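A.B. asks: There's a structure below that I have some questions on.
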Amino acid sequence: MAFLIDTCVLIDHLTGRLPSDASTWLEQVVTSGMAATSVIVYHELLFGARTEKARAAVEELLQAWSILPVDRQVARRAAEIRRDQAAQGRTLGMADCLIAATAELKGLKVVTANVEDFPSVEVVFPGGPAGGSSR
Numbered sequence: 073m074a075f076l077i078d079t080c081v082l083i084d085h086l087t088g089r090l091p092s093d094a095s096t097w098l099e100q101v102v103t104s105g106m107a108a109t110s111v112i113v114y115h116e117l118l119f120g121a122r123t124e125k126a127r128a129a130v131e132e133l134l135q136a137w138s139i140l141p142v143d144r145q146v147a148r149r150a151a152e153i154r155r156d157q158a159a160q161g162r163t164l165g166m167a168d169c170l171i172a173a174t175a176e177l178k179g180l181k182v183v184t185a186n187v188e189d190f191p192s193v194e195v196v197f198p199g200g201p202a203g204g205s206s207r
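This note's numbering applies: residue 73 is where the sequence shown begins, and numbers increase by one.
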């Protein structure tokens with residue numbers, strides 16, 4: 073694994089809003105076994121899936137994916153990230169901190185369009201050149 077895919081990217085992929093080059097890049101990353109996601113992302117996708125058809129699409133998309141759990145180590149690191157950012161005057165949500173901590177502890181880059189939500193980890197924006205650009 074090399075990438076943790078965030079909710080916004082998967083929503084855009086499922087709804088056909090992800091640019092074609094980014095979709096191609098994502099499919100290559102997934103096919104090569106380099107993609108995972110967080111149980112937090114899984115929850116957010118299922119919560120947002122208002123119909124049975126939408127929930128089935130989420131399940132189908134993620135059926136072969138590695139879905140990474142939140143454990144004590146992740147929770148502890150997420151609290152540190154959130155506290156550090158708060159000390160700098162930035163308010164980050166718990167979900168994003170848990171996703172960031174998971175990525176950091178697993179050595180993964182976060183693939184997201186919401187780059188500003190993940191200041192503590194390396195991110196890849198899927199709409200950049202050749203499907204992805206890093207920060």
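We treat Cβ as the ideally placed atom computed from N, Cα and C, and that holds for glycine. Nothing here was measured: the structure is a model prediction, and the numbers come from that model.
(1) Return the chain-ordered ranges of every beta strand (DSSP E) run that is complete within the stretch 115-171 and spans a minimum of 3 residues.
(2) Anyone know if the C-beta pair for valine 81 and isoleucine 112 falls short of 8 Å?
(3) Three or more beta-carbon pairs under 8 Å between the stretch 167-180 and the stretch 74-93, yes or no?
(4) For alanine 175, I'd like the list of residues in its chain whose CB is within less than 6 Å of its CB, leaving aside the five on either flank, ordered along the chain.
(5) Look at the alpha carbon of glutamate 152 and the alpha carbon of glutamate 131, and state the distance between them as a whole number of angstroms.
(6) Taking only three categories from DSSP, how would you classify valine 193?
(7) Can you say whether serine 92 is buried or exposed, counting buried as having 16 or more other CB atoms within 10 angstroms of its CB?
(8) Buried or exposed: leucine 118, going by 16 or more other Cβ atoms within 10 Å of its Cβ?
(9) Just the Cα atoms here: how many angstroms apart are phenylalanine 190 and threonine 184?
(10) Comparing alpha-carbon positions, which option in Arg154, Lys178, Gly105 and Gln157 lies nearest alanine 136?
C.D. replies: Let me lay it out:
(1) 138-140
(2) no
(3) yes
(4) Leu76, Val182 and Val193
(5) 32 Å
(6) coil
(7) exposed
(8) exposed
(9) 9 Å
(10) Gly105
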